[in-house]
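Take a look at the structure set out below.
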Amino acid sequence: AQSVTQLGSHVSVSEGALVLLRCNYSSSVPPYLFWYVQYPNQGLQLLLKYTSAATLVKGINGFEAEFKKSETSFHLTKPSAHMSDAAEYFCAVSAPNTGNQFYFGTGTSLTVIP
Amino acid sequence: EAEVAQSPRYKITEKSQAVAFWCDPISGHATLYWYRQILGQGPELLVQFQDESVVDDSQLPKDRFSAERLKGVDSTLKIQPAELGDSAMYLCASSTDSQETQYFGPGTRLLVL
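Protein sequences, first through last, are from chains R and X. Residue numbers are given in my numbering: position 72 of the first sequence equals residue 62, and the series is strictly consecutive. Just so we're on the same page, my numbering is the position in the second sequence counted from 1, plus 27.
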């Protein structure tokens, strides 16, 4: 079965500082990996996804993530945080051996300090 | 840009009452999902449809929850009777097929009193 662990339920950064949100996955087969963002009282919006092509994936709003098989990680980064980046971020994994069902992490709440 | 529609956005009900949520997926998306998201947690899959057929409802509490997608387009999720522990955000998502990106609607926030 697949699973996702997001280290740090709350992360605070200063405006303009580097954003690093951690995600580690568990999968017995090559997975697909996703990062979604959720603003208060809204649904989830896809930031980026990894589907076995390039290991460095660029997404919307300046975010990117790197798939590292040796570390079973898919950390999300952004060079310079904006106030508008404050939201809840979810990492998710899916794999064909479980019917491509999505398994979500528990989320990381990002606070941006002006 | 096409979006997944859900209604209502908010619902307050008393325990033991029946509630229903509606979802209209992006046109042409064959796969539809219902998730429950408890505050402070990630979404958990309740049921997955491929066209009008249920593919996975292993996590759906079938004694009180039901879901249908009769014509393979829009879908309804029902809870009867509602319990206090059902208070959560109910999210609908759709994709072109089960291997593709899921697109989420805005959700229905349910409060059971």
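Note that the Cβ used here is the ideal one computed from N, Cα and C, for glycine as well.
Bounding residues of the beta strand (DSSP E) (the contiguous stretch that carries residue i)
i	result
X/Y117	A115 to S122
X/I39	Y37 to T40
X/C50	V46 to D51
R/N14	N14 to S16
X/S85	X/S85 -> no beta strand (DSSP E), and no H or E assigned at all.
X/L153	One cannot answer for residue 153 of chain X here, as it falls past the ends of chain X, which runs 28 to 140.
R/Y79	A77 to S84
R/S63	S63 to K68
R/Q28	Y22 to Q28
R/Q35	L34 to Y40
R/K58	E54 to K58
R/T45	Note, R/T45: premise wrong, no beta strand (DSSP E); not H, not E.
R/H0	H0 to S4
R/T98	T98 to I103
X/A57	Per DSSP, X/A57 belongs to no beta strand (DSSP E) and is neither H nor E.
Reference residue i, options the options, closest by Cα
i	options	result
X/V74	X/D83, X/Y37 and X/R91	X/D83
R/V102	R/Y26, R/N31, R/A76 and R/L10	R/A76
X/Q129	R/A44, R/A82 and R/L100	R/A82
X/P88	X/D113, X/I65 and X/P70	X/D113
X/V139	X/T40, X/V31, X/H56 and X/V81	X/T40
X/K38	X/A115, X/V81 and X/A94	X/A115
R/Y93	R/M73, R/F80 and R/S(-1)	R/F80
R/E5	R/S74, R/Q91, R/S99 and R/T98	R/S74
R/F57	R/A44, R/I50 and R/G49	R/A44
X/Y117	R/V1, R/G33, R/G52 and R/V27	R/G33
R/N51	R/S60, R/Y40 and R/Q35	R/Q35
Same chain, Cβ closer than 6 Å to residue i, neighbours up to 5 away in sequence not counted
i	result
R/N14	T(-5), T62 and S63
R/A85	Q(-8), S17, V19 and P21
X/I65	A115
X/S93	K105
R/K48	E54
X/L111	K42 and V139
R/Y40	L23, V47 and F57
R/V27	Q35, L37, A77 and Y79
Proximal residues to residue i (C-beta, below 7 Å), its chain only, five neighbours per side dropped
i	result
R/S42	P20
X/G99	D78 and E79
R/H65	L10, L11, R12, C13, A55 and E56
X/P124	The sequence shown places Asp at residue 124 of chain X, rather than the Pro named in the question. Cβ within range, chain order: A57 and T58.
X/V81	V74
Cβ separation of residue i and residue j, assumed to be a contact under 8 Å, to the nearest whole Å
i	j	result
X/R96	X/F76	5 Å
R/W25	R/L46	The pair is not a contact, with the Cβ atoms about 13 Å apart (cut-off 8 Å).
R/L(-3)	R/R12	4 Å
X/Q68	R/T96	6 Å
R/V3	R/A55	That pair is no contact at about 17 Å.
X/S54	X/A29	6 Å
R/P104	R/L8	Not really, about 16 Å apart at Cβ, beyond 8 Å.
Sequence-distant residues of its chain with Cβ nearer than 8 Å to residue i (five each side left out)
i	result
X/L59	C50, P52, Q75, F76, R96, S102, C119, A120 and S121
X/L72	Y60, W61, Y62, D83 and Q86
X/R36	P133, G134, T135 and R136
R/N90	Y22 and S84
R/S(-1)	T96, G97, T98 and S99
Distance cut-off 8 Å: residue i Cβ against heavy atoms of the ligand GDP
i	result
X/V74	Looking at this structure, you won't find the ligand GDP or any other ligand, since it has none at all.
Chain C within 9 Å of residue i, Cβ atoms only
i	result
R/G6	Checking the listed chains, one finds no chain C in this structure; the protein chains it contains are R and X.
**Request:** Count the C-beta pairs between the region 29 to 46 of chain X and the region 101 to 113 of chain X that are closer than 8 Å, then say yes if the count reaches three, no if not.
**Result:** With a cut-off of 8 Å on Cβ pairs, the region 29 to 46 of chain X is in contact with the region 101 to 113 of chain X, counting three or more such pairs.
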